[in-house]
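Numbering (my numbering), first residue to last: 78 to 489.
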């Protein structure tokens, strides 16, 4: 396989970069996640490789998100990747339209195809409405997100937003019809000046058709891990490289850090916390380090420490204060207890913790469970640590328990 940068995934948060780029692991020699941006001096890869980067721009004002995305694109363009994929939130949180505009301006792509649907995780689009488990997304907890609430469920409105480029939407009849007819309709829209086209999608076959059309028309593909999975199938087909089995650890020590306020994440915490061998530590948001309650674990050869924020009833602490406190305590535990795995739930939590630990590069290995990404830290004081990441709202109530169980059996 020739040495080439096959793919770069640009996301707006860390967990999104991870759960999307991991879809390409079976087809590439290496997939690297850069939690803190592309290192200075990074050159072309030695083997067929994928990169995943993120702009940490989901909660930012639109203009700042635009500038960050444009800068990231300008860093990547000289690397001449074979393809660039723009990852967006499957529930359309963040600055989707303005970030797509930044990429179109830098990359010169004729058009962007936008399909955030992720049917496997209950995210679908029908008649232009984006749905979470069948409910318009703005009417779910995503409409009350503390950092980036979704104000509308109409995909075209979410795409256009503050963006200066005209947008339009193709409903299911075009996606399910002949591919040539869908592409002809898109060309008509482009002739009218449209540069962002969003799509209905209810199942993986719909996403595969969108990916196929995007490749044939040279479009910038924009979506969640759902469209990325479709792209991997269409682009690489059966061309898989040899992959190693995920590790199974004997007498493992796990550190789980959950900062997400999602109802789904809270339910997952409750399931995990009830298991024998799991000790839950609630961290005050003003904590600067040194929270007590976990010292008995220092001599234990196995077990599971679960860090969650301590939030008083009716209080509304700054989300960044919460993630910062969790990150500081997590670093102290990593340095003193030396866990085998570090499981981070929530994009902001993952970002803050990896920055505090100084992790600059993670080689992705696979998915122990759907939406949960496993990789190994390279370089720095946390080198060799197995890193697990998951978006807060992903997975069923037992996903964290199942994930740890697939790597070892410490929490029986």
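Think of the CB as a built atom: it goes at the ideal place given N, C-alpha and C, for glycine as much as any other residue.
Quantities reported herein were computed from a predicted structural model and do not represent experimental measurements.
Restricting to Cα atoms, I'd like to know which of the options is closest to residue i.
i	options	result
residue 463	195, 345, 445	445
residue 513	359, 209, 418	Residue 513 cannot be examined here, being either before or after the span of the chain that is shown, 78 to 489.
residue 466	332, 82, 388	332
residue 432	403, 204, 387, 227	403
residue 314	87, 187, 85, 100	100
residue 336	354, 113, 360, 377	360
residue 374	243, 416, 348	416
residue 413	458, 132, 438, 136	458
residue 188	231, 268, 227, 95	268
residue 377	408, 329, 422	329
residue 405	156, 435, 111, 104	435
residue 388	354, 451, 338	338
residue 325	408, 407, 418	418
residue 153	190, 102, 83, 196	83
residue 179	351, 144, 212	144
residue 438	115, 105, 382	115
residue 254	287, 113, 237, 485	287
residue 381	134, 442, 485	485
residue 236	200, 81, 190	190
residue 456	200, 473, 112	112
Note down, in chain order, each residue of its chain lying with its Cβ closer than 6 Å to the Cβ of residue i, except the 5 sequence neighbours on either side.
i	result
residue 65	What the structure shows of the chain is the stretch from 78 to 489, and residue 65 is not part of that stretch, so it cannot be assessed.
residue 341	470
residue 93	164
residue 424	90, 91, 92
residue 477	345, 349
residue 482	none
residue 136	224, 225
residue 220	226, 227
residue 420	333, 465
residue 131	88, 90, 91, 94
residue 468	92
residue 160	84
residue 155	none
Report the CB separation of residue i from residue j in whole angstroms; it is logged as a contact under 8 Å.
i	j	result
residue 128	residue 440	About 11 Å; that fails the 8 Å criterion.
residue 398	residue 428	So it is not a contact: roughly 14 Å between Cβ atoms.
residue 384	residue 334	5 Å
residue 299	residue 177	6 Å
residue 244	residue 271	7 Å
Residue i by DSSP, collapsed to three states: which one?
i	result
residue 157	coil
residue 444	strand
residue 414	helix
residue 470	coil
residue 487	With a pLDDT of 42 at residue 487, under the threshold of 50, the predicted position of this residue should be treated as unreliable, and no value is reported.
residue 452	strand
residue 151	helix
residue 210	coil
residue 98	helix
residue 228	coil
residue 383	strand
residue 193	coil
residue 399	helix
residue 263	helix
residue 358	strand
residue 83	strand
residue 242	coil
residue 200	strand
residue 274	strand
residue 424	helix
residue 352	coil
residue 429	helix
residue 109	strand
Only counting the same chain, and skipping five residues up and downstream in sequence, which positions put a Cβ closer than 7 Å to that of residue i?
i	result
residue 222	170
residue 479	446
residue 284	192, 194, 278, 303, 304, 307
residue 310	285
residue 198	167, 448, 471
residue 401	429
residue 379	328, 329, 330, 487
residue 355	349, 381, 383, 488
residue 217	209
residue 372	none
Sorted by chain position, which residues of the same chain lie with C-beta nearer than 8 Å to residue i's C-beta, five sequence neighbours on each side aside?
i	result
residue 97	86, 88, 129, 162, 164, 301, 302, 305
residue 460	454
residue 233	205, 244, 245, 246, 275
residue 259	247, 251, 252, 286, 290
residue 231	205, 206, 207
residue 323	442, 443, 445, 451, 483, 484
Under 8 Å, with one C-beta from each stretch per pair, do the segment 245-264 and the segment 282-299 reach the 3-pair mark?
Touching, yes, given that three or more Cβ pairs across the two stretches are closer than 8 Å.
Give a yes or no on contact between the segment 342-350 and the segment 393-408, applying the rule of three or more CB pairs nearer than 8 Å.
no
Counting pairs of Cβ atoms below 8 Å between the segment 174-192 and the segment 140-152, do you hit three or more?
yes
Report yes or no: do the segment 201-221 and the segment 238-252 share at least 3 C-beta pairs separated by less than 8 Å?
yes
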